[in-house]
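Number of protein chains: 2
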Amino acid sequence: MRRTGPNADYANVTQKRTNPLMAKKAIVSVKSSVGIRRRLRPEDRRRQILDGAISFFAEHGFEGGTRDLAKQLGVTQSLIFNYFPTKEELIREVYQSVYVGRWRSEWTDLISNTSVPLRARLIEFYINYTSVIFSSDWLRIYLFSGLKGLPINSMWIAFVEDHLIRRICVEVRRENNFCEGTMSEISAEEIETFWLFHSGIFYYGVRREVYRSPVHLGVQKFVETSVDAMLAALPAIMRAKVAQ
Amino acid sequence: MRRTGPNADYANVTQKRTNPLMAKKAIVSVKSSVGIRRRLRPEDRRRQILDGAISFFAEHGFEGGTRDLAKQLGVTQSLIFNYFPTKEELIREVYQSVYVGRWRSEWTDLISNTSVPLRARLIEFYINYTSVIFSSDWLRIYLFSGLKGLPINSMWIAFVEDHLIRRICVEVRRENNFCEGTMSEISAEEIETFWLFHSGIFYYGVRREVYRSPVHLGVQKFVETSVDAMLAALPAIMRAKVAQ
DNA sequence: CTTGACATTGATCGATCGAACAATAAGCTG
DNA sequence: CAGCTTATTGTTCGATCGATCAATGTCAAG
C-alpha cells in the first residue's frame, strides 16, 4: 500500500505499532523522500495548516472533517488544534486570508486613473480582478461563506459597491460628458445596471471554476466583450433615465 | 417550557415517560391545538416531509441533521426513514422537486412568440422566470447543489443555454434584421454577452435573497432596465463581431 | 555527546450522525 | 365495541465529529 502524498503513512497508521524499529524505519523512509516532516518552526506549520485548510474547505465545504484535513496535510488531527483553538477559529482565519488578503488596494486607483482611456482602464482592472477571484478556492469559499449567512459576505458586497461600482459609474459619466455628479448622486438604475455587468463577469468564473461548464470565450476576449457591452449599455440607461 | 411549533413536545421528549396517562394528555392537548397529527395518508405524509426537507435543506444545507428536520416537521426522526430509504435519496427527490418541478414549459414558447414585440416578450419572460427562482429556497438549493459538484447543475446550465440563451439570441438577430442564422450558428461573443445579462439578473436574486443585501430597484424596474441594457448592448457586440 | 524545550503524536472523551427495528397506537371495517 | 392493519414512535447501534492530554521524539544549545 504505497502512497504518493507527503507523509501519508502517518495519517493512515491507526493500529498500535508492535515493532518500534520497523515503525521508525518506515517514518525515516518517508521523511527522506519528502524532506522535512516533523518539527517545523511554529509559524511555518501554522501557515501550512492555514493554506491547506483554504483548499480543503474550498473543496469539501466547512463541514469537512478535521481528520480529513489532517490527512491531506500529512499530519495528525490533534496537531491542528495546537495551532488553532477551535475549528471555528481556523475557518475565521481562512476567511481573513482569502478576502482581505487578496484584495489589491491599487485597483481602486487604477479605475480613477484618467490618463488612460476608460475602456482600457476597465479591461485592465477586470483582467487583474478576475485573475484573483477566478480560482476554484476563492469562488467556492465565497459561495460557501455566503450560504452560511455570515456578515462578511454582505460586507464584501457593500465594499464592492462603494469601491468599484459607484466609482466606475462616475467614470462612465465623465467619459460621456454626463453631469459629473458625486458618487452619492448616482441613480439606482445606473448602479443596478453596473451590478448587472459585474455579476455577469463574476458568474462566468462560477460557470467555469465551480460548475465546470464549458465557456465560449477565453478570459481576455470575454472581458473585452463584456466591457464593450457595458460601455454600450450604460449611456443608453443614463439617457433613458434623464428622458423619463 | 411552552413551545409554539406544531408537535414540538414530541421531538423534545427524550426521557422515558413514567406516567403514561400524563403523556397521553400532553399529546392530546398538542393534537387539539394543531389538528391532525398522526397517521396521515402515506402520500400526504411523504409530500409533507419532502416539502419540509426543501425549506430545511435550503436553510441549513444538505449537512443538516435528520433529527433537526424531524423536529421542524413535528415528527420523529425515524419516520423520515419510513418514507425515504436514505437521506441521500431524500436529497435526490428535493432536487427533482425544485429543478424539474418548477420549470414552466410555456416559457420557451413565450420567447419565440413573434406577435409580441421582443422587449415586451423578454420582460414578460423574466418577470415570470424570476418569480420562480427569486426565492430563498430555490436559490440556496441551487447554490448548495452546485457546490456539491452534482451533474444536475451543469445539466441545468446546458439546459438554460439551449432553451433560453441561444433562443433569445436568435430573436435579437431577427429583431435587428441581422442574418437570421440557426441557433447553432450564433457566435461565441453573442452567447457570452447574453450569459452576461442572464447571470446579472440571476445574481440580483442572490444578492437580495441569499446575502440579504439591499437592492436599489424593485424587480419590475430592474427587469425592464436589464432588458433595455441587453437590447442596447447585444446589437453593438454583433456589429463589432462582423466588422472585425 | 548530553540535555532540555517543545513540536508532534496516539489514545480517548462525550456528543451527534444516519439508520434499523420491535413496540405502540390510530383509524377503518364488520 | 372488538379486531386488524399499519402509520408512527422509542430505543438503540456503530461510525464519526470536534476537542483534550499525557506520552513521545526532534532539534538546537551547551
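Here the protein sequences come in this chain order: A and B. If you read the first sequence in my numbering, its first letter stands for residue 285, the second for the next number, and so on. If you read the second sequence in my numbering, its first letter stands for residue 285, the second for the next number, and so on. For each residue, glycine too, the CB sits at the ideal point set by N, CA and C.
| Item | Value |
| --- | --- |
| Which whole runs of the alpha helix (DSSP H) in the stretch 401 to 455 of chain B are 4 residues long or more, in chain order? | 402 to 417, 420 to 431 and 435 to 444 |
| Taking the alpha helix (DSSP H) that residue 242 of chain B belongs to, which residues open and close that run? | Residue coverage of chain B in this structure runs from 285 to 528, which leaves residue 242 of chain B outside it and unanswerable. |
| Taking the C-alpha atoms as reference points, what is the distance between residue 419 of chain B and residue 418 of chain A? | 27 Å |
| Contact criterion: CB-CB distance below 8 Å. Does residue 427 of chain A meet it with respect to chain B? | yes |
| Just the C-alpha distance for residue 517 of chain B and residue 512 of chain A, rounded to the nearest angstrom, thanks. | 8 Å |
| Mind checking residue 442 of chain A: buried by the 16 CB within 10 Å criterion, or exposed? | exposed |
| With 8 Å set as the bound, which would you pick, yes or no: does the beta-carbon of residue 282 of chain A sit closer than that to a beta-carbon of chain B? | Since the first residue shown for chain A is 285 and the last is 528, residue 282 of chain A is missing from the structure and cannot be characterised. |
| Which of helix, strand or coil does DSSP assign to residue 502 of chain A? | coil |
| On the premise that residue 455 of chain A lies in contact with residue 395 of chain A, defined as a C-beta separation below 8 Å, what is that separation, rounded to the nearest angstrom? | 6 Å |
| In whole angstroms, what is the alpha-carbon distance linking residue 367 of chain A and residue 373 of chain B? | 39 Å |
| Taking just the CA atoms, how far does residue 332 of chain A sit from residue 352 of chain A? | 15 Å |
| Hey, how far is the Cα of residue 492 of chain A from the Cα of residue 325 of chain B? | 45 Å |
| Determine the burial state of residue 354 of chain B: buried for a count of at least 16 other Cβ atoms within 10 Å of its Cβ, exposed for fewer. | buried |
| Taking a Cβ distance cut-off of 7 Å, strictly less, list which residues of the stretch 414 to 440 of chain B are near chain A, in chain order. | 424, 427, 428, 430, 431, 437 and 438 |
| At the level of alpha carbons, what is the spacing between residue 536 of chain B and residue 356 of chain B? | This structure does not reach residue 536 of chain B, given that chain B is present from 285 up to 528, and the question cannot be answered. |
| Alpha carbon to alpha carbon, how far is residue 485 of chain B from residue 409 of chain A? Give it in angstroms, no decimals. | 23 Å |
| Just the chain B side, please: which residues come within less than 9 Å of residue 462 of chain A by C-beta, in chain order? | Near residue 462 of chain A there are no residues of chain B at all, since even the closest Cβ is about 16 Å away, more than 9 Å. |
| Report the residue ranges of all alpha helix (DSSP H) runs contained in full by the stretch 344 to 384 of chain B; include only those spanning at least 4 residues, in chain order. | 350 to 357, 361 to 367 and 371 to 382 |
| How about residue 494 of chain B: is its C-beta nearer than 8 Å to some C-beta of chain A? | yes |
| Quick one: grab the DSSP three-state call for residue 387 of chain A. | coil |
| Report the option in A:387, A:520 and A:416 whose CA atom is closest to the CA atom of residue 460 of chain A. | A:520 |
| At a CB-CB cut-off below 7 Å, which residues of chain A make contact with residue 409 of chain B? | Residues of chain A passing the Cβ test: none, with the nearest at roughly 16 Å. |
| Between residue 497 of chain A and residue 323 of chain B, what straight-line distance do the alpha-carbon atoms span, to the nearest angstrom? | 46 Å |
| In angstroms, rounded to a whole number, what distance separates the CA positions of residue 495 of chain A and residue 508 of chain B? | 29 Å |
| So for residue 556 of chain A, helix, strand or coil by DSSP? | Residue coverage of chain A in this structure runs from 285 to 528, which leaves residue 556 of chain A outside it and unanswerable. |
| Taking CB distances under 8 Å as the criterion, tell me whether residue 327 of chain B reaches chain A. | no |
| Can you give me the C-alpha to C-alpha distance between residue 462 of chain A and residue 526 of chain A, rounded to a whole angstrom? | 10 Å |
| Would residue 432 of chain B and residue 365 of chain B be called neighbours here (beta carbons separated by less than 8 Å)? | no |
| According to DSSP, is residue 488 of chain B part of a helix, a strand, or is it coil? | helix |
| Please return the same chain residues whose Cβ sits closer than 6 Å to the Cβ of residue 298 of chain B, not counting the five positions on each side in sequence. | With a pLDDT of 33 at residue 298 of chain B, under the threshold of 50, the modelled position of that residue is not reliable, and no figure is offered here. |
| Helix, strand or coil for residue 323 of chain B? Go by DSSP, reduced to three states. | coil |
| Inspect the beta-carbon positions of residue 378 of chain A and residue 448 of chain A and report whether they are closer than 8 Å. | no |
| Just checking residue 439 of chain A against the ligand MN - is the residue's beta carbon closer than 7 Å to any of the ligand's heavy atoms? | This structure simply doesn't include the ligand MN, nor any ligand for that matter. |
| Please name the residues in the stretch 341 to 362 of chain B whose beta-carbon is closer than 8 Å to at least one beta-carbon of chain A, in chain order. | 345 and 347 |
| Can you find a CB in chain B that lies within less than 8 Å of the CB of residue 396 of chain A? | no |
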